[in-house]
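Per the working numbering, the very first residue in the sequence shown carries number 31; after that it's consecutive. See below for the structure under consideration.
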Amino acid sequence: MAVSARKVAGMASPDANHANHAPARELLRDAFTRLIEHADDLTDGLADEVANYRPTPEANSIAWLLWHSARVQDVQVAHIAGVEQVWTRDGWVDRFGLDLPRDDTGYGHSAAEVGKVRAPADLLSGYYHAVHQLTLEYVAAVTAAELSRVVDTNWDPPVTASMRLVSIIDDCAQHLGQAAYLRGIVPQAQ
Numbered sequence: 031m032a033v034s035a036r037k038v039a040g041m042a043s044p045d046a047n048h049a050n051h052a053p054a055r056e057l058l059r060d061a062f063t064r065l066i067e068h069a070d071d072l073t074d075g076l077a078d079e080v081a082n083y084r085p086t087p088e089a090n091s092i093a094w095l096l097w098h099s100a101r102v103q104d105v106q107v108a109h110i111a112g113v114e115q116v117w118t119r120d121g122w123v124d125r126f127g128l129d130l131p132r133d134d135t136g137y138g139h140s141a142a143e144v145g146k147v148r149a150p151a152d153l154l155s156g157y158y159h160a161v162h163q164l165t166l167e168y169v170a171a172v173t174a175a176e177l178s179r180v181v182d183t184n185w186d187p188p189v190t191a192s193m194r195l196v197s198i199i200d201d202c203a204q205h206l207g208q209a210a211y212l213r214g215i216v217p218q219a220q
C-alpha cells in the first residue's frame, strides 16, 4: 500500500488521521468481517457433494457462489487498492486449477461454466480468507479522500471507491445468502 502524501509530508499526525477516518474504517471492517463470517459458516463441515450440489441444471452451486464472491471481492478491491489480486499473486489460480480463463470471476457464466467450479471447502475458505486479508489491509489505510476517489469512469455518475466498496459488500452478501439458502435445501441424501 502506498503511504499518503499528507502523512509523508507530516501534514497530519497518525492520531488525527485515525480519528478522522476511524468511523468509515470501522464500518467497512465490520461489513467485510461479516462476509467472511458467513463464508466460514458456509464452509464449516461442508462436504464436496453438498458444495457442488445444484438444485437444477441451470442453478449455481455453493462452491460456485463462494468462489465467485471471493473472486469479485478480490478483483475489485485489488483494482481500487492498486495491487495484484491474491488469486494470481498467491497462486490460488493454480491451486484451484479450474478449466476456465485464469482471470475469470464468474460474471456471465453459462450453466456449463458454473459446473466447472468444483472445489473443496478448505480451498474455498483459504482463498476467501486471503481475499479478506487483502481487503482489511486496504480498509485500514482508507481516508475520506480515498473513499471519494473516482475508480471507474464507465458509469454515470462515475464510481468512487466508496461506491465500489458498497457494491462489493452488497454483491457478496447476496451471493453468500444464496449459498446459505442452498445449503439449507440440499436433499438429506446428499
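We treat Cβ as the ideally placed atom computed from N, Cα and C, and that holds for glycine.
Next on the checklist: Looking only at its chain, what residues have a beta carbon closer than 6 angstroms to the beta carbon of P85, apart from the 5 residues adjacent to it on each side?
Outcome noted: For the purposes of this step, residue 85 is taken as residue 55 along the sequence shown, with counting starting at 1. Excluding sequence neighbours, P85 sits near nothing in its chain.
Checklist entry - Closer than 7 angstroms: is that where the CB of H109 sits relative to any heavy atom of the ligand SAM? => result What this structure holds is no ligand at all, so the ligand SAM is not there to describe.
Next on the checklist: With DSSP as the reference, identify every bridge partner of T190, one or two as the case may be.
Outcome noted: As a first step, residue 190 must be located in the sequence shown, where it is residue number 160. Paired residues: V180.
Item to check | N-terminal and C-terminal residue of the alpha helix (DSSP H) that Q106 is part of | outcome: Translated into positions along the sequence shown, residue 106 becomes position 76. Looking at the DSSP string, the run of the alpha helix (DSSP H) that includes Q106 is I92 to A111.
Next on the checklist: Given a cut-off of 8 angstroms on the beta-carbon distance, is the pair V116 and D104 in contact?
Outcome noted: In the sequence shown, residue 116 corresponds to position 86, counting from 1. In the sequence shown, residue 104 corresponds to position 74, counting from 1. Against a cut-off of 8 angstroms, the Cβ pair of D104 and V116 comes out as a contact.
Next on the checklist: Three or more C-beta pairs under 8 angstroms: does that hold for the region 138-150 against the region 72-87?
Outcome noted: yes
Next on the checklist: Within a Cβ cutoff of 6 angstroms, which residues of the same chain sit near P188, ignoring the five residues on either side of it in sequence?
Outcome noted: For this step, residue 188 is matched to residue 158 along the sequence shown. Excluding sequence neighbours, P188 sits near V180.
Checklist entry - Near V169, what residues of its chain come up, given a Cβ to Cβ distance below 7 angstroms and the 5 sequence neighbours on each side ignored? => result The count along the sequence shown starts at 1 and reaches residue 169 at position 139. Answer for V169: R55, L58, R59 and F62, listed in chain order.
Next on the checklist: Just to check my reading of the structure: G138 and R101 have Cβ atoms closer than 8 angstroms, yes? What is that Cβ distance to the nearest angstrom?
Outcome noted: As a position in the sequence shown, residue 138 is number 108, starting the count at 1. As a position in the sequence shown, residue 101 is number 71, starting the count at 1. In fact, because the Cβ distance is near 13 angstroms, the residues do not count as touching under 8 angstroms.
Checklist entry - Taking the Cβ atom as the reference point for each residue, do L206 and S99 lie within a distance shorter than 8 angstroms? => result Looking up residue 206 in the sequence shown gives position 176. Looking up residue 99 in the sequence shown gives position 69. Taking 8 angstroms as the Cβ cut-off, L206 and S99 qualify as a contacting pair.
Next on the checklist: Given this structure, state the Cα-to-Cα distance separating L96 from A174, to the nearest angstrom.
Outcome noted: Residue mapping note: residue 96 aligns to position 66 of the sequence shown, counting from 1. Residue mapping note: residue 174 aligns to position 144 of the sequence shown, counting from 1. So the alpha carbons of these two residues sit roughly 30 angstroms apart.
Item to check | Contact under 8 angstroms by Cβ, I198 with V107 | outcome: Counting from one through the sequence shown, the residue named residue 198 turns up at place 168. Counting from one through the sequence shown, the residue named residue 107 turns up at place 77. Taking 8 angstroms as the Cβ cut-off, I198 and V107 qualify as a contacting pair.
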